[in-house]
Amino acid sequence: MLETAEKSLDPKDWTAFRTQAHKMLDDMLDYTESLNSREVWQPMPENVQAHLRESLTEKTLAQAHAEFMQNILPYAVGNTHPRFMGWVHGGGTPVGMVAEMLAAGLNANLGGRNQAPVEIERQVMRWVRDLFGFPDTASGLFVTGTSMANLIGCLCARTKASSLASSSPRHPSKGGEDLTAYTSTAAHISVSQVLDISGVGTSTLQKIPVNSDYEIDVLALEQAIISDKQAGKTPFLVVATVGTVDVGAIDDLQKIAELCERENVWFHVDGAFGALAMLAPEIAPRLAGIERADSMAFDFHKWLQVPYDAGFVLVRDGEIHQKTFTSPAAYLQRQERGLSANSPWACDLGLDLSRGFRALKTWFTLSVYGNEKLGNVIAHTCELARYLKQKIEVTPELELLAPVALNIVCFRYVCTDANRINTEIVIALQESGIAAPSSTTLNGNVAIRAAIVNHRTTENDIDILVTAVLKLGNALTIFTT
Ligand SMILES: *Cc1c(COP(=O)(O)O)cnc(C)c1O
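Mapping of the sequence shown onto my numbering: position 158 corresponds to residue 140, and the numbering continues sequentially without gaps.
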């Protein structure tokens, strides 16, 4: 006799399981509620590291949870914390967290098929399609993040270029070898990687210089495209950035759109964190021209605070998008009715077949908080960046190192041997647990980089950061001056 109950992974004692599950939920809510009184980050002690290298041992759920609380939870990166300002990491929300639990319970596979979760993904797609002014013929897809979304945008651009040059969309033979792409020197590293992986090759990527605001020099871009055409090459892709990694600069999308239309080049926008500033009425006008992009990549997990991971790609021409990925595999055959209906499926629009229900936590975030509140969060982080900028400007020991376009402030403590001291200040700050900015190098100068992304950050947190920088700067230079 087959004893299914014995073999199942479901609990034998649901009552005991429920008690433990409620405790786990409570612990995470307690953690979120008390973030302000915690350290932003702390290094993993030796004994914790040793624990995390142990071989597999069986535990009860309660034991595994106790281990999580003791050895994992305190030693994460800290981006939930209001004084985490390193890189551009979203803060997450309690709503996103519980939505993720619902998605896990449903265990939906969003590769395709005839199911409501797929409709939720499409609904979110239509919401953002309308937000960015893309046409009804556009298509879109959840992906891990902007790196993957940039890849999909580039592959679609390649499909378009090769269908112009030959009849085989997947294998650009004629005209394939001489494809050239363009981005700015301030673009994200994934742009180069994407060209490499897509087979176009990084050597064909031209990095166009930026102006003093770190925006792509559109005139230099135009000259590069024209001279490449004269040399017999095929310019096929321009990647503009909304919110550059270092300083948060926004490329001139209108001018780039005009240029790309005139030269018949695919216009892709890497809007990883910046694109969703569209939700903030006071910032949205600076994104004018984004509605003319052929494709765009952005992350819900950055400024929109959706828990990791939730990237998205939008493609203006849904047909090109589908042509780039559709596969004729027999076991993925479609029907008019039943579970195998409801084409096109996500696997026709991207590289993944099995994929999770990223759409649900995003749907909950947009539904429960609403566009206005989320836009306010985005605008507020920019206000805080301006507040920090003003504090720096009136503090003689501090110096601004780049314009503040959005929510990123690059500055330094003024002293001799500034690069070494400012690198030290950032590390010491992180180790102190008080605040966690990151560092970057601008024109040879090491900058303390505060990216204000978290919806929990307040003016008080900025004050604490500045006080800590001054104190550390003072302590570190006292012996050298
Ligand atoms: C974060 C970021 C990326 C990469 O996005 P992931 O979601 O981490 O893959 C690409 N471009 C820019 C401008 C970014 O800020």
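Where is the CB? At the ideal position from N, CA and C, for every residue including glycine.
Taken in chain order, the complete beta strand (DSSP E) segments of 3 residues or longer contained in the region 277 to 313 are 277 to 281, 293 to 297.
Rounded to whole angstroms, the separation of the alpha carbons of residue 106 and residue 293 is 12 Å. Here the alpha carbon of residue 322 sits roughly 17 Å from the alpha carbon of residue 104. DSSP places residue 12 within a helical segment (H, G or I) once states are collapsed to three.
Its chain contains 110, 111, 114, 116, 120, 122, 277, 278 as the residues whose beta carbon lies nearer than 7 Å to that of residue 296, once the 5 sequence neighbours on both sides are disregarded; these appear in chain order. For residue 129, the shortest separation between its Cβ and any heavy atom of ligand 1 lies below 7 Å. Bounds of any alpha helix (DSSP H) do not take in residue 381; it lies within the beta strand (DSSP E) bounded by 380 to 382. Relative to the non-hydrogen atoms of ligand 1, the Cβ of residue 252 comes within a distance shorter than 7 Å of at least one. Judged by DSSP secondary structure, residue 427 falls within the beta strand (DSSP E) whose first and last residues are 427 to 433. Here residue 311 is exposed. Its C-beta has fewer than 16 other C-beta atoms within 10 Å.
Here DSSP, grouped into helix, strand and coil, assigns residue 63 to coil. Taken in chain order, the whole alpha helix (DSSP H) runs of length 4 or more contained in the region 20 to 48 are 28 to 33. Assigned with DSSP and collapsed to three states, residue 109 falls in helix. CA-CA distance, residue 127 to residue 302, rounds to 21 Å.
Per DSSP, reduced to three states, the secondary structure at residue 415 is coil, with no helix or strand assignment. Under a 10 Å Cβ-count criterion, residue 445 is classified as exposed, with fewer than 16 other Cβ atoms of the shown protein chains found around its own Cβ. In the DSSP assignment, the residues bridged to residue 394 are 381.
Between the beta-carbon of residue 178 and that of residue 186 there is about 10 Å, and that puts the pair past the 8 Å contact cut.
For the region 91 to 143, the continuous beta strand (DSSP E) assignments of 3+ residues that do not extend past its boundaries occur at 121 to 125, in sequence order.
Residue pairing from DSSP places residue 217 in a beta bridge opposite 162. Comparing C-alpha distances from residue 319 to each of 95, 27, 34 shows the shortest one belongs to 95.
Looking from the CA of residue 59, the closest CA among 32, 25, 78, -12 belongs to 25. By the neighbour-count criterion, in which a residue is buried when 16 or more other Cβ atoms sit within 10 angstroms of its Cβ, residue 352 is exposed. Taking 7 Å as the cut-off, the C-beta of residue 74 does not count as close to any heavy atom of ligand 1. Here residue 382 has 374, 393 as same chain residues with Cβ atoms under 6 Å from its own Cβ, once five neighbours each way along the sequence are excluded.
At least 8 Å separates the beta-carbon of residue 337 from that of residue 87.
In the DSSP assignment, residue 359 falls within the alpha helix (DSSP H) that extends over 340 to 375.
When rounded, the separation of the alpha-carbon atoms in residue 14 and residue 141 is 45 Å. Restricting attention to 437, 325, 307, the CA atom closest to the CA of residue 358 is found in 437.
If you ignore the 5 residues before and after residue 18, its C-beta comes within less than 7 Å of the C-beta of 64, all in its own chain and listed in chain order. Setting aside the 5 residues that flank it on each side, residue 407 is surrounded in the same chain by 395, 430, 451, 454, 455, 458, each with a C-beta closer than 7 Å to its C-beta; the list follows chain order.
Residue 214 has its alpha-carbon roughly 43 Å from the corresponding atom of residue 286. By the criterion of at least three beta-carbon pairs nearer than 8 Å, the region 222 to 240 is in contact with the region 257 to 268.
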